[in-house]
Amino acid sequence: MSKLLFFDIDGTLAYPGYPPSTATVEAIQAARRNGHKVFISTGRTMDSIPAAIASIGFDGGIFSSGGIIVLNNQIVIQHFMDEAVVEKVLSILQQYKTLYTLETADGRFNSENGKELMAQIDFTHISKEMRELTEEVLLDPTAIPLSQYTGQQIHKIAYYSTNLSIEQDLYSELDSTAKVVPYHISGFPLSTGEISDYSVNKGRALNDVCNYLGVDPDHCIAFGDSRNDSEIMLAAGLGVAMGNADEELKDIANLVCDRCENDGIAKTLHDLGLI
9 MSKLLFFDID GTLAYPGYPP STATVEAIQA ARRNGHKVFI STGRTMDSIP AAIASIGFDG
69 GIFSSGGIIV LNNQIVIQHF MDEAVVEKVL SILQQYKTLY TLETADGRFN SENGKELMAQ
129 IDFTHISKEM RELTEEVLLD PTAIPLSQYT GQQIHKIAYY STNLSIEQDL YSELDSTAKV
189 VPYHISGFPL STGEISDYSV NKGRALNDVC NYLGVDPDHC IAFGDSRNDS EIMLAAGLGV
249 AMGNADEELK DIANLVCDRC ENDGIAKTLH DLGLI
């Protein structure tokens, strides 16, 4: 029987700032030709998918960590944060002078303090690639200035801070109000992560896709590398953690494959007989 295959992007399909390998692209395309349906499963928004990823060809996607579900180029399901939760989160992020992004169906709205944060970072021992990624995040020309935000419902909030202790501070100050999922990107000079309602995650989104298509979750395979992949690992019939994944994710995955840079996805799809 054909499978539904879900692929996280950063650290899974490719590392941030780099394209996916030829072996990874060819393996996913081969799986699709063999009748399996393939989906992006990412914390990114729809408008921030790298061209090299989008051009692989997918049957749909989970975006904003489950806030938006797309099938055949159409938004079919959306989940939003409670307005009171948003207000509390923003009060904390503004207190810490954090760059934050409100993710909505109309686009990403960025707070306008990216230049100030750039000026605080010492790039002396940071690689050229990480500097470029930092500039892309903090000075993103594709994001909409927060001054143009008019109250659209929010799927998720991403944050970027030079305060390396903000992760623990957010945990303690938000407590059970909202879910905080930090991102750990090697060499990245900022603390970064995402904040959403507890009920919104990639695992719930996988079940939404299955319900919509009439497919049992046991016929799903999910690949990921970070904490925001935890729920989809548990929801899928087979959860595959990358060799470079967080140790917490490896502990709950059914299978740990080779690292992203070693074509772990391609090797696993072959070993499972899907290509």
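Quick note: the sequence shown uses my numbering, first residue 9, plus one each step.
Ideal Cβ placement from N, Cα and C applies to all residues, glycine included.
Item, Value
"Start-to-end residues for the alpha helix (DSSP H) that takes in serine 207", "No alpha helix (DSSP H) contains serine 207, which DSSP labels as neither H nor E."
"Nearest to phenylalanine 196 (by Cα), restricted to the options Tyr157, Asp271, Ile48 and Thr132", "Thr132"
"Beta carbon of threonine 142 nearer than 8 Å to that of leucine 198", "yes"
"Coil, strand or helix - glutamine 161 by DSSP", "coil"
"Alanine 244 in three-state terms, based on DSSP", "coil"
"Expected contact under 8 Å - CB spacing of isoleucine 21 and phenylalanine 15 to nearest Å", "Note that residue 21 is leucine in the sequence shown, not isoleucine. Sure, about 5 Å apart at Cβ, within 8 Å."
"Cutoff 6 Å; reference glycine 69; Cβ partners in own chain excluding five residues on either side", "Phe47, Ile48 and Val78"
"Alanine 261 versus aspartate 18 - alpha carbon distance", "18 Å"
"Coarse secondary structure for valine 189, derived from DSSP in three states", "strand"
"Limits of the unbroken alpha helix (DSSP H) element including glutamine 37", "30-41"
"Serine 49 in three-state terms, based on DSSP", "strand"
"Length of the line joining the Cα atoms of valine 84 and glutamine 176", "35 Å"
"Proximity of aspartate 271 and threonine 50 at Cβ, strictly below 8 Å", "no"
"Outcome for glycine 159 when other beta-carbon atoms lying within 10 angstroms are tallied against a minimum of 16", "exposed"
"Straight-line Cα distance separating glycine 211 from glycine 245", "11 Å"
"Pair within 8 Å by beta-carbon distance, serine 169 and tyrosine 220", "no"
"Glutamine 82 and isoleucine 64 closer than 8 Å at C-beta", "no"
"Helix, strand or coil at cysteine 218 [DSSP, three-state]", "helix"
"Identity of the residues DSSP links to tyrosine 168 by a beta bridge", "Leu107 and Thr200"
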